[in-house]
Every structure is written in structure tokens, then in C-alpha cells.
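Residue numbers (our numbering), protein chains in the order written: chain P, 1 to 226; chain X, 1001 to 1256; chain V, 2001 to 2224. Backbone N, C-alpha and C define an ideal beta-carbon position, used for all residues, glycine too.
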Amino acid sequence: MHLDHDHQHGPAAVSADARRPDGTRRALRIGLGGPVGSGKTATVAALCRVLRDELSLAVVTNDIYTREDAEFLLREAVLPPERITAVETGACPHTAIRDDISANLEAVEDLEEEVGPLDLILVESGGDNLTATFSKGLVDAQVFVIDVAGGDDIPRKGGPGVTTADLLVVNKTDLAPYVGSDLARMAADAKAQRAELPVVFQSLRGETGVADVARWVRERLAAWTA
Amino acid sequence: MDGVTGTGVRATARIVARADGRGATSLPVLEGEGPLALRRTRGSGAEARVTVVGAMSGPLGGDRFAIAATVERGARLRVGSAAATIALPGQAKGEARYDVRLDVAEGGELHWLPEQLISVKGSDLYVTTRVDVAAGGRLVLREEQVLGRAGEAPGRLSSRLTVRVAGAPVLDQELSCGPGAPGGWDGPAVLAGHRAVGQLIVVRPEFVAEPVVARMLGECVALTPLAGPAVLVSALAADGLRLRRVLDAALGELGG
Amino acid sequence: MSRAALLVLADGRFPAGGHAHSGGAEVAVRAGRITGAASLEEFCRGRLHTAGLTAAALAAAAVLGLEVRELDAAADARTPSPALRGAARKLGRQLLRAARATWPSPELDAVAAEFPKGAHQPVVLGVVARTAGLSARDAAYCAAYECVSGPATAVVRLLSLDPFEATAVLGRLAPEVDRVVDRAAEAAREAVDEGVDALPAASAPLLEIGAEWHAGWAVRLFAS
């Protein structure tokens, strides 16, 4: 096919193009953002453990302090080291995932080239504030992770992350009784902010663990490859 | 030697090293003059040794010194100097020049290890060193610059060091310091008060198959593989003595 | 083609990855060599007349049509630190990505295809400037200014330096940026006839040595 021929000899894509230079479909890219300490890295680690046997996957971390999160994932041995890449963010994690996504695009493309073919790449943001969202030029869908200990008024406060993320995860529900967070109120506020967009309440220590988020990821992947 | 003229001294020295076919190196050309007198010294094994003997201090303002060495296929040459080269202020106007041209053929090996170049207050010297190493040639080159004698402000010293291997550039570095040099030369990006700056370049064909890993050899000493079969050790030190110590250690680290 | 393209290209928000690089300032801060506005200014001045001049001349030469591969090799030889060569290629690749979206052209596509791992950023900058209809001097201005604005922005973050003081440093350096651009543009013109060896190779030992130290840190804010 003429188009494929062009792709085979052309240079790499500029940003979110769904196809790689050789014409094949690239991996689905899912971003995970949210405030510091809400459990993004733990969620990524849990997702890797659940999905690594059924999917070819890789992770890009964006640290405030380079490599901390990548090294956590390496220590936990959730993926072989060549499937985990860290991107430096120059003290501005939100810039690297939203305003200037070029370093992250290099990272995801390098991963596909070096360890691919890949089905899924998880891009984890450095911990940031409630306004930090991923550019559509970088990811196909994004998950915003907050936790009950950060205050049960976060869903009410809203902000781009809480309001527009494709999936909102309220993490550490097991801590709710200890920090006095009202889960029902959080759910109602989230519903008010997000209308039909899904919300998952999760405790990684609980029996279901990351299962709900993993199911959502599988649905996304099915839609991507359809 | 063109002699002393109104524009300073011109002096040229030439060395050609040739494999004599019996496992040793002969020196069919060994020509020096005036401040660039050459002396053949005792070599070891296949290697010929030459010492540059400074007959007078220099270069001074307006002087033009040039030295060229050619190491032919399979020959081995080691060149050193009897004493430091001291750039001094001269009566003639303008900068002094010191040009070094080195050629190493395939299978040839050159160790170019002169003593330090000391830039004295009021002097103005421009040094160029251009090295061409053919594919399969070997080089160890040390360059040390000391800015001022002990406790003295430096003169103006500019240098350019260019190394090519098999025709491709692997190192091209200019450094300009002292009064009249572009701003910031002694600031936190360039020398930050260090008074001795040195480079050690090693070219070996083996580096292609066994690349050297970049590493720090001291607080201001880095060993770095270049884009080609060559390694550079770049060092800053408080004075010439300390600089020599770190460069000697670095050469030891690289296996002499 | 518009002169205002220069503003687009030189804008600190142009998404080409520069925000994650400190130009050696992170190391200089850690080593105690940059502690405030005065030492930042000396740092930037030294960087401008060394790495800045060299980068500006490479960029200008690329605008004048010197061979990209030859300029890239010249940039390699002028960058002994492998950490800095890596950073320059990464930034070159990121710049090319942003430029291909901004000023689509077969010339930029060709460079992307020839250098899948990136060419040195100043060389790419020159090719991009030409594609955007800018001159050799314009490209030299971008390179020279970027080499001081990057560290200044980084030091605002690293030392919580008053941003007005950091910007005043850039203002004071502006006349020197002009002079560096003049030298770079002249050298680039000479290189058209004499080849890439005519381009300056001004270097800063501490930037090169410091980059290797920085590359070994387990924890750092900036990529270089």
C-alpha cells in the first residue's frame, strides 16, 4: 500500500499519531497523574503485576527527583529494567506532561523501538497539584489518582484533574476510618463534578486491589485495537 | 632559524620517525634550531626518544615557533621536553605563536609528553596543536597550561587543540584565558579560579571494540570517551604540580 | 516566511525540551559556584563566550547550507563530554519534533530520517531557522540567547533566586550576546569557503567536567 510504503521510509511521528513509522499501530498510552503521595507509583506497580502476563507493557516515570519512582518499580521488580524509563522534568513535572511533552514522546517511542512491540505504555507523572493534566498529544487516556488521606473535600474542589480525567481513582480507602474521610460524600462530589465519567474507589491492600483499574485499562485497550 | 628580527624569533623543528625494519625506530629527520633544539635520548625497545631542549626562554611576544613530528607506519616515538615552556612578554608587539603539527601513520605510535606551558604575566601566546592519526595509529598526548608563576597573575593564553582520527574530527577545543580574553574565563562555568588546566588524549584502535566508560577521576577530573577511538582526560587543578599528579594517575588508569 | 518566526523559535515555551536542562547550572549550584545573581552572571558570561559562541556558529553555518552531517561531527568533536553529546542529540531530536509540527517541510523530515537518534541541537536549530525563513544571524541569536536564558531560568528554580534579578542578568548580558552573534555569523561565513574547521571551538572545561559529574547523580532536577 502506498501509505504504508511512505510510513516505512518516513521519519518518526510528530506527536500522537496512532501509527509508528513502519505503519504498525503504536501502543496505547495511559497517563497517571495526581498529587504527591496519592499512590500513583503503587498503582502503576500493581497494574504491572496484574497485566504483565497478558500484555507487553512498559512504564515511563516523570520524577521531581529523577529515578526515585523508576527505582521503586525496579526494586519491586514489577517489570524488567529495560521496560522502565525515567524522564527528567527540570523541577516542573506538569510542564513535561502538558506544556512541553517532547521528552516524554521520545521516551515512549524509544521504548517501543527498543523493547517493542508493546500493547500498553503507562506514563506516570511526578506528584503535582490538582491542575496537572496530560496533553492529548502524549496520552490516549488519563487516570487521576487522589487518596482519602489528602482530604475528603478534593472531589468537591474539582480542578482539571478531578473533573476531566478519563478515570478518577480514590485510593487508600482502607485509611478512611482513621483520617475521618467520608467516602459517600467523596463519591457524591465526584459524581457532581464528573457526570458520567467513571470513578474507582480502591485499596491496594484490600482483596480486589487494583482489579477495577485493570479492568478499565483492558476496556481501553480493546477499544484502541478494535 | 631566521634569527632575531624586529618581529621576534622564528624557529622550526622537525622530527620524522621511521621503523628501521629490524624492530627499532630510526630518526631520518631530527632538525631543531635555537630555542627548539632537539636531542635524541636513550630509547627503550622499538621506541625512539627525543627531548626538546629549550636553549633560551620563550616564546616571547612576536616569536613564531613551529614543531612538526611525523611517525611513519610501524614506528614508535616518544617526545618530551627538558623544562617547562615559559611564555614571556617580549619587546616585539603582538602575540607569540607556537604551532605543533603531529602525524601518526597506521601502526605508528606517538607519545607526546612535553612539560608544562607557563603563561607569565604580560605575555601573549597563541598555541595550536593539530594531530592527525591514521586508522590503526596510536597516540598519547598531554597538554598542560599553568596560568602565571606561583602567586602571579597570568598572561594572555589562547590555545586550540584538534585531533583527527582517520580524517574524522574527534576533538576540537579552544581555550582563551588571561587579560583580554572573552569574559567569564575565570568564572564558575570555565576555570573558577583554577590555575592549571590539562588534557590527556589517548587514541587506540582497541577502543572501538572495548569502549571506555566515562567516569570522574577526581573532583575536577573527568575521563570521557570521545566520538571515535579516543579518550580524553580533562582536568583542572590549583597548580601545575597537582595537575601532573592527576594526569599521571589517569594515564596509569588507562594502562600507561 | 516571517521575521516573527524568530520569536516563535526563541520563545522559552517553544516545546522542544529546554525546560528540563540547566546548562550546567545545577552542578555549579551544588558545587557552590553559583550562589546568587552575581555568580549566575559570571557563569552565564563564561558559557556565552565558550559553548554559546560554538553553538551559535554551528547554527549559523547550518543556515548557510553547510552539510548537516559534517556540522554534526564538528559538534561531536567540540563536545568531549558524552553526557553533553547525549543531551545535545536528545534536544536536537526534540527540537526537530516541535519544528516539524510548526514549519512542516521535506528538509526537516529528511534530517529526522537521517538522524533517528537526533543531531546536535545547534545544528538542528540552524536547519529549522532556515526552514522558517530566518537568517544565519537569527539562528545565532537563538543559540546564544538560549545558552544563557536556560541557566538563568534553572537557577530561579534551584536557588529560589528572585526572578527579576535573574532577568536583569540577561539584560546586562544582551550587548555581549550581540558581540558573540557577530563573531559566530562571521565565522559561519568563513566556513562556507574554508570548511567547518573555520568554526570556533571555544570550550569551557568546567561545563564538560561538571556534566560528567552530574550524569552520575542518582537524584537531580535537570537532565543536564
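Alpha-carbon to alpha-carbon, residue j and residue i
i	j	result
D147 of chain P	K172 of chain P	6 angstroms
Y2141 of chain V	L2048 of chain V	11 angstroms
G1151 of chain X	L1223 of chain X	29 angstroms
S2089 of chain V	D2109 of chain V	Per the sequence shown, residue 2089 of chain V should be read as Arg rather than Ser. Cα to Cα, R2089 of chain V sits roughly 16 angstroms from D2109 of chain V.
A1019 of chain X	L1077 of chain X	10 angstroms
L2207 of chain V	V1221 of chain X	12 angstroms
Y1098 of chain X	S1234 of chain X	21 angstroms
K2187 of chain V	L2066 of chain V	The sequence as given places Ala at residue 2187 of chain V; Lys does not occur at that position. When rounded, the distance between both Cα atoms is 12 angstroms.
L57 of chain P	A2056 of chain V	41 angstroms
G1136 of chain X	V1203 of chain X	9 angstroms
E196 of chain P	G161 of chain P	15 angstroms
G1193 of chain X	A2202 of chain V	18 angstroms
Y178 of chain P	A190 of chain P	21 angstroms
G2017 of chain V	E2176 of chain V	25 angstroms
L1217 of chain X	A2098 of chain V	38 angstroms
A1250 of chain X	T208 of chain P	58 angstroms
A1083 of chain X	E1115 of chain X	6 angstroms
L2040 of chain V	T2054 of chain V	20 angstroms
A211 of chain P	R2137 of chain V	58 angstroms
Strand pairing of residue i, partner residues [DSSP]
i	result
I146 of chain P	P:V170
D1124 of chain X	X:R1156
I1067 of chain X	X:A1013 and X:V1100
C1177 of chain X	X:L1157
I1086 of chain X	X:I1118
D1132 of chain X	X:D1103 and X:R1164
S1081 of chain X	X:V1052
G31 of chain P	P:V123 and P:Q142
I84 of chain P	P:V59
A1237 of chain X	X:A1196
S2203 of chain V	According to DSSP, S2203 of chain V bridges with nothing at all.
P1169 of chain X	X:R1164
E1031 of chain X	X:R1014
R1026 of chain X	Note that residue 1026 of chain X corresponds to Ser in the displayed sequence, not to Arg. Answer is X:R1018.
Q193 of chain P	Answer by DSSP bridge pairing: none, since Q193 of chain P is not bridged.
R25 of chain P	P:R19
G1278 of chain X	Beyond the ends of chain X as shown, which are 1001 and 1256, falls residue 1278 of chain X; an answer cannot be given.
Assigned secondary structure, residue i (DSSP; H/G/I helix, E/B strand, else coil)
i	result
Y2145 of chain V	helix
H2021 of chain V	coil
W1112 of chain X	strand
H9 of chain P	Model confidence at H9 of chain P stands at a pLDDT of 45, short of 50, so the residue's coordinates are unreliable; what they give is reported in the following sentence. Three-state DSSP puts H9 of chain P in a helix.
Q1091 of chain X	coil
L2221 of chain V	coil
I1201 of chain X	strand
S203 of chain P	coil
D212 of chain P	helix
T1224 of chain X	strand
R20 of chain P	coil
T1041 of chain X	strand
G161 of chain P	helix
R49 of chain P	helix
A1230 of chain X	strand
E958 of chain X	As shown, chain X starts at 1001 and ends at 1256. That puts residue 958 of chain X outside it, with no answer to give.
R2078 of chain V	coil
L118 of chain P	coil
Supposed contact pair residue j and residue i - C-beta distance, whole angstroms, cut 8 angstroms
i	j	result
L1226 of chain X	L1171 of chain X	6 angstroms
G39 of chain P	V145 of chain P	6 angstroms
P93 of chain P	S125 of chain P	6 angstroms
E82 of chain P	A45 of chain P	Contact doesn't hold; Cβ gap of about 17 angstroms is too wide.
R313 of chain P	D140 of chain P	For chain P, the structure presents residues 1 to 226; residue 313 of chain P sits outside this window and is missing.
Per-residue burial, residue i [other beta carbons within 10 Å of its own, 16 or more giving buried]
i	result
Q1091 of chain X	exposed
D69 of chain P	buried
A2191 of chain V	buried
L73 of chain P	buried
L1236 of chain X	buried
E25 of chain P	Position check: residue 25 of chain P holds Arg in this sequence, whereas Glu was assumed. Exposed, because fewer than 16 other Cβ atoms sit within 10 Å of the Cβ of R25 of chain P.
D2072 of chain V	buried
L1125 of chain X	buried
R194 of chain P	buried
A2144 of chain V	buried
E2107 of chain V	exposed
N247 of chain P	A question about residue 247 of chain P goes unanswered here, because the residues of chain P that appear run from 1 up to 226.
Test: residue i CB closer than 8 angstroms to a CB of chain A
i	result
P2205 of chain V	Here the protein chains are P, X and V, and chain A is not one of them.
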